[in-house]
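Under the working numbering, the residue at position 114 of the sequence shown is numbered 120, and the numbers go up by one with no gaps.
Using N, Cα and C, we set each Cβ at its ideal position, and we do this for glycine too.
Keep in mind the model is a prediction, meaning the values are calculated, not measured.
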Amino acid sequence: MKGSEVTVKKNVARYKLLLPGLAVYATDENRAKCKSQQESSGETVKHSTPSAEKMAMFLSKSVALLTMNMEQPWTIKPWHVKVSLRKGGIMVPDYAIKLPDKPISGPNLELEGKCFLVTITINECETVTVRCRIHHWHNNPLKRLPNVKGYWEGPLDPIFPEDEAILITLPKPPEIGRAHV
7 MKGSEVTVKK NVARYKLLLP GLAVYATDEN RAKCKSQQES SGETVKHSTP SAEKMAMFLS
67 KSVALLTMNM EQPWTIKPWH VKVSLRKGGI MVPDYAIKLP DKPISGPNLE LEGKCFLVTI
127 TINECETVTV RCRIHHWHNN PLKRLPNVKG YWEGPLDPIF PEDEAILITL PKPPEIGRAH
187 V
């Protein structure tokens, strides 16, 4: 990542980084120059790891589908979001998930297909906002609501009106053919 200091073998440094112009020696002068360039260009976001930046971008484009029971009363807890993300192959601990301040309870068919936002903390440093959409489920196939294909592409109708401004600013979910949570 640009501006990071790395330690590599001599040959790798010389032939893969220094000669192609991808890196410079970590001298005090170069550190100061790099710092001033970042400040002048407005680059203040520093990620804990390169993969944390990629994960934050992936999560900000994702839509987590929370499948909730149609008969039993429930209130959304962090473990509901955790399970939804785990179905998409993303492991997130409960303590890294921050739900909205207002509780979301059901079953309530008025919430079907509506979105709310959660904040996920990556490596106890970066935070990212993730869209979650509610889907009601029933064990009896005759009472089930139809499964909506491409639920991540549909209009984003927020549960809380104050979330609408944030939903508009989030990156669009990827096109069909990409993995979704």
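Please name the residue in Cys131, Pro147 and Asn75 whose C-alpha comes closest to that of alanine 58.
Closest by C-alpha distance to alanine 58, out of Cys131, Pro147 and Asn75, is Cys131.
Buried versus exposed, by CB contacts within 10 Å (16 or more), lysine 88:
Label assigned to lysine 88: buried.
Using 8 Å as the limit for Cβ to Cβ distance, is proline 109 near chain B?
In the structure shown, chain B cannot be found, because there is only a single protein chain.
Near leucine 24, what residues of its chain come up, given a Cβ to Cβ distance below 8 Å and the 5 sequence neighbours on each side ignored?
Here leucine 24 has Val30 and Tyr31 as same chain residues with Cβ atoms under 8 Å from its own Cβ, once five neighbours each way along the sequence are excluded.
Taking only the alpha-carbon atoms, compute the straight-line gap between lysine 178 and leucine 162 and give it to the nearest angstrom.
Distance between the alpha carbons of lysine 178 and leucine 162 is about 11 Å.
Euclidean distance between Cα positions of glutamate 189 and threonine 55:
Residue 189 lies beyond the range of the chain shown here (7 to 187); nothing can be said about it.
Beta-carbon separation of phenylalanine 122 and isoleucine 174 under 8 Å?
The answer is no: Cβ separation not under 8 Å.
Apply the 10 Å Cβ neighbour rule to methionine 76 and answer buried if 16 or more other Cβ atoms are within range, or exposed otherwise.
Flag for methionine 76 reads buried.
Which residues DSSP lists as bridging arginine 139, in chain order:
Arginine 139 pairs with Leu71 and Cys121.
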